[in-house]
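Notes for the one structure printed next.
There are 2 protein chains.
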Amino acid sequence: MINEAMKELGNKRSIIREIFEYSKQREKIVGKENVFNFSIGNPSVPAPEIVNKTIADLAHNFNSIELHGYTSAQGDIEVRSAISQYIKNQYGADVSASHIYMTTGAAAGLAISFKALCVNDDEMIIFAPYFPEYRVFASVNGVKTVSVNPLENLQPDLEDFKAKISPKTKAVVINSPNNPSGVIYTQETIKDICSILTQKQKEYGHPIYIISDEPYRELVYEDINVPYILNYYNNALICYSFSKSLSIPGERIGYIAVNPNMENCNDVYAAVCGAGRALGYVCAPSLFQRVAAKCLGEVADTSIYKTNRDLLYNALKEYGYDCVYPDGAFYLFVKTPIADAGQFCEKAKKYELMLVPADSFGAPGYVRIAYCVTTQQIERSLPAFKKLAQECRQ
Amino acid sequence: MINEAMKELGNKRSIIREIFEYSKQREKIVGKENVFNFSIGNPSVPAPEIVNKTIADLAHNFNSIELHGYTSAQGDIEVRSAISQYIKNQYGADVSASHIYMTTGAAAGLAISFKALCVNDDEMIIFAPYFPEYRVFASVNGVKTVSVNPLENLQPDLEDFKAKISPKTKAVVINSPNNPSGVIYTQETIKDICSILTQKQKEYGHPIYIISDEPYRELVYEDINVPYILNYYNNALICYSFSKSLSIPGERIGYIAVNPNMENCNDVYAAVCGAGRALGYVCAPSLFQRVAAKCLGEVADTSIYKTNRDLLYNALKEYGYDCVYPDGAFYLFVKTPIADAGQFCEKAKKYELMLVPADSFGAPGYVRIAYCVTTQQIERSLPAFKKLAQECRQ
Chain A
0 MINEAMKELG
10 NKRSIIREIF
20 EYSKQREKIV
30 GKENVFNFSI
40 GNPSVPAPEI
50 VNKTIADLAH
60 NFNSIELHGY
70 TSAQGDIEVR
80 SAISQYIKNQ
90 YGADVSASHI
100 YMTTGAAAGL
110 AISFKALCVN
120 DDEMIIFAPY
130 FPEYRVFASV
140 NGVKTVSVNP
150 LENLQPDLED
160 FKAKISPKTK
170 AVVINSPNNP
180 SGVIYTQETI
190 KDICSILTQK
200 QKEYGHPIYI
210 ISDEPYRELV
220 YEDINVPYIL
230 NYYNNALICY
240 SFSKSLSIPG
250 ERIGYIAVNP
260 NMENCNDVYA
270 AVCGAGRALG
280 YVCAPSLFQR
290 VAAKCLGEVA
300 DTSIYKTNRD
310 LLYNALKEYG
320 YDCVYPDGAF
330 YLFVKTPIAD
340 AGQFCEKAKK
350 YELMLVPADS
360 FGAPGYVRIA
370 YCVTTQQIER
380 SLPAFKKLAQ
390 ECRQ
Chain B
0 MINEAMKELG
10 NKRSIIREIF
20 EYSKQREKIV
30 GKENVFNFSI
40 GNPSVPAPEI
50 VNKTIADLAH
60 NFNSIELHGY
70 TSAQGDIEVR
80 SAISQYIKNQ
90 YGADVSASHI
100 YMTTGAAAGL
110 AISFKALCVN
120 DDEMIIFAPY
130 FPEYRVFASV
140 NGVKTVSVNP
150 LENLQPDLED
160 FKAKISPKTK
170 AVVINSPNNP
180 SGVIYTQETI
190 KDICSILTQK
200 QKEYGHPIYI
210 ISDEPYRELV
220 YEDINVPYIL
230 NYYNNALICY
240 SFSKSLSIPG
250 ERIGYIAVNP
260 NMENCNDVYA
270 AVCGAGRALG
280 YVCAPSLFQR
290 VAAKCLGEVA
300 DTSIYKTNRD
310 LLYNALKEYG
320 YDCVYPDGAF
330 YLFVKTPIAD
340 AGQFCEKAKK
350 YELMLVPADS
360 FGAPGYVRIA
370 YCVTTQQIER
380 SLPAFKKLAQ
390 ECRQ
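Just so you know, the protein sequences line up as chains A and B, in that order.
Letter 16 of the first sequence, counting from 1, is numbered 15 in numbering that gives the first Met the number 0, and no numbers are missing.
Letter 183 of the second sequence, counting from 1, is numbered 182 in numbering that gives the first Met the number 0, and no numbers are missing.
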């Protein structure tokens, strides 16, 4: 009688959440320091000091009625202007304030964008490995997700991509630095994706949008440029989040930036506003809109993530694991030494290693290791990874 | 090609927003003090001091990673426990933490509840005058809203209500204190609604839910008890918001409380969680979850609203307007002296009075006056109301 699909979705814990909860139980039994919980992508570094300072300053000194009042549905105009200016300075893209829509994080941005662009029976292309919630946001709109296979290096297989675009394809989601793999799509990959889409748009005579999911944009550990999609493709929009850059994932603040060069840019922006309204997003949290604007360009101290990555990657390689070197985000994607990732994760549990099988990320035979933990946890976990490798070889 | 319904929704400004923008233009021309903007329900009193103090305290003293980290999707367990305890103390209802789901305000609560309970082709009953966004949240789920007429005193016409319940009726929305009328449904009205529904449930053999939209619960100016719906009806849930009680509407914080006595309460709660997930609500803003928990029972100083109400109501009655006495919220609902409320509002504009015709609230022939303004504005506006009444009598 009620909405069964929603009930099922609510009852079906994500595999990540399940393993996380199991970790908590084990911690009670064997002690927190003996459980190696690599399940969840919760930042382990505090927000930059300026974040908490700004919050307190605003609370003390800003007019309370204005500070906590409704902003316009698109977001406070000064906040959007500051972001517009930042994008211009940082990436050279000319996104005006009236092309920016403040959201309660990237998830809201995605849910709103999917709703704005898609109608029942559309198709949306996602690149495996992918963030599982894309399929949730698509399915609630009656949209079918079509998954493109990765190459061995986890860049998308562009031949497979080409083959999977159909006249029903409304949009393509890219996510780089990638959750769950930590891989950054090269400039060449991005250019190729765009040129394939440009050709297909011509062939089908209608736009195919790129939705770029960018919560990990600033989490890059090498001297690598993460291509700014609006400079490569007109029919693109970005779902940005301050969750990871500012280590404030619970505060739910981000934005959608619509490319002003999009052919029907005002219509798409209007549809974004309409979708936000229809989904109950009155405005993004007003205090954090202002915090975000005042902290543009600030990034939490992510050096611990780099330390963790190097430590874990090098050790796992040494133990014989087949890992893909992650340039960004805080995930390590590891090929399981036995074919079934679920079975491998069960074996890992014997050593109190909590890993996430990547089947629901569209990549069976892999596990995701979220290394946004303390470096001590990494160090203490290494012998367990070593024993697990040995067991799997037997 | 994109979602046309969303585009239309985004382009179609609400009438409230339109009049608000017109006010701003007039302010530039004739001066802010000469424009009487009664269009928008934005609280005009600051948050209680404890709100900003708590924000600053948390920013300074609470562990940053925990403070700004993801909470569980349902909300932080300590926050939900505090709310559960508050509900028990305040209303005697036994709503455990596991029946509470934190939301980004009442609008999100409504969007989530509608999604959780309803499927395509369901019907939902709303009582005129009603908050126009109910129709948006319903329509996006393929749900038809059925409007019940009010009596002269703006309590619902229960005969009409009875007649409009059908086997397709999935839910009934109540909103008391009411936006746009300020009217509080009497205990008798609530009891009658519940008893009618109980009988209809039996007749049709399936639950009919009450969704109680309660952002104005604490804004009551007389010694009137606002009945707590969970004590009257099992198949009920509450969408609460701290927006008005704490004067923090931009921060988007509230909750859904599901009646534990509901027959399929766990299923409904699961569907609420699933709908929140599907609509992109990862968790409610984490800092403000904690602020809300620490400020339970606090209410902004609403004495100015009472002063404004008395001043405005008495003056308008004196000038010959037919108003419904509002016991709560911060709206005055006035019968227009000429039949067409739109025309009346146009006339009012000549006197720089910015009023909202209530057609989109389901009540043609009325205007809504949002008196959450300064008392000075009320005082300065009275001669204009007087002249307008005179003009209409001619």
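Think of the CB as a built atom: it goes at the ideal place given N, C-alpha and C, for glycine as much as any other residue.
- By the C-beta density criterion, A/R251 is buried, having at least 16 other C-beta atoms within 10 angstroms.
- Contact between B/F332 and B/Y365 holds: CB atoms are separated by about 5 Å, below the 8 Å threshold.
- DSSP places A/C272 within a helical segment (H, G or I) once states are collapsed to three.
- For B/V372, there are no C-beta contacts with chain A under 7 Å, since the nearest C-beta of that chain is about 12 Å from it.
- Look at the stretch 74-101 of chain B: it has no residue with a C-beta under 7 Å from a C-beta of chain A.
- The beta carbon of A/N233 sits closer than 8 Å to those of N258, N260, M261 and E262, all from its chain and outside the five residues before and after it, given in chain order.
- Judged by DSSP secondary structure, B/C391 falls within the alpha helix (DSSP H) whose first and last residues are T374 to R392.
- If you draw a 10 Å sphere on the C-beta of A/N178, you find 16 or more other C-beta atoms in it, and that means buried.
- Contact between B/G279 and A/P248 is ruled out by a C-beta separation of about 14 Å, above the 8 Å threshold.
- B/D120 counts as exposed, since fewer than 16 other C-beta atoms from the protein chains shown sit within 10 angstroms of its C-beta.
- Excluding residues up to 5 positions away in sequence, V147, N148, P149 and L150 lie with their Cβ nearer than 7 Å to the Cβ of A/D156 in the same chain.
- Contact between the stretch 369-387 of chain A and the stretch 294-313 of chain A is established, with three or more Cβ pairs separated by less than 8 Å.
- What A/F241 touches in chain B, judged by beta-carbon distance under 8 Å, is nothing: the nearest beta carbon there is about 10 Å away.
- By alpha-carbon distance to B/S246, the top candidate from B/C238, B/I86, B/K87 and B/C294 is B/C294.
- By the C-beta criterion, the stretch 211-230 of chain A is judged not to be in contact with the stretch 1-20 of chain A, since fewer than 3 inter-stretch pairs fall below 8 Å.
- Each residue's CA atom was taken as its position, placing A/F287 and B/E48 some 19 Å apart.
- Apart from sequence neighbours up to five positions away, the residues of its chain that approach A/G319 with a beta-carbon distance below 6 Å are A388, ordered along the chain.
- A/C391 and A/K334 do not touch by the CB rule: their CB atoms are close to 11 Å apart, not below 8 Å.
- Rounded to whole angstroms, the gap between the alpha carbons of A/Q24 and A/L354 is 15 Å.
- Taking the beta carbon of A/D266 as reference, the chain B residues within 8 Å of it are I1 and K6, listed in sequence order.
- In this structure A/G141 is exposed. Its beta-carbon is surrounded by fewer than 16 other beta-carbon atoms within 10 angstroms.
- Using beta-carbon distances, A/P42 counts as an interface residue toward chain B, with a partner under 8 Å.
- A/I183 sits away from A/E213, with the two beta carbons spaced by 8 Å or more.
- Taken in chain order, the complete alpha helix (DSSP H) segments of 4 or more residues contained in the stretch 185-247 of chain B are 186-203.
- Put simply, the backbone Cα of B/D321 is about 16 Å away from that of B/K386.
- Spatial neighbours of A/A127 in its own chain (CB-CB distance under 8 Å, excluding positions within 5 residues in sequence) are listed in chain order as S146, V147, N148, P149, F360, G361 and A362.
- For A/C294, no beta strand (DSSP E) segment is defined, and its DSSP state is neither H nor E.
- In the DSSP annotation of this structure, the continuous segment of the alpha helix (DSSP H) that includes B/G108 starts and ends at G104 to L116.
- Among the residues facing chain B, A/G279 is included, as its CB has a counterpart in that chain under 8 Å away.
- With respect to A/A314, A/Y350 sits apart: the two C-beta atoms are not nearer than 8 Å.
- Ranked by Cα distance from A/H205, the first of A/V172, A/V171, A/K190 and A/P166 is A/P166.
- Nearest Cα to B/V139 within the set B/S112, B/Y129 and B/N36: B/S112.
- Secondary structure of A/K167 (DSSP, three-state): coil.
- In the DSSP annotation of this structure, the continuous segment of the beta strand (DSSP E) that includes A/V333 starts and ends at Y330 to K334.
- In the displayed model, A/K11 falls within coil according to three-state DSSP, outside both helix and strand.
- Annotation: A/Y129 is outside any beta strand (DSSP E) and is labelled neither H nor E by DSSP.
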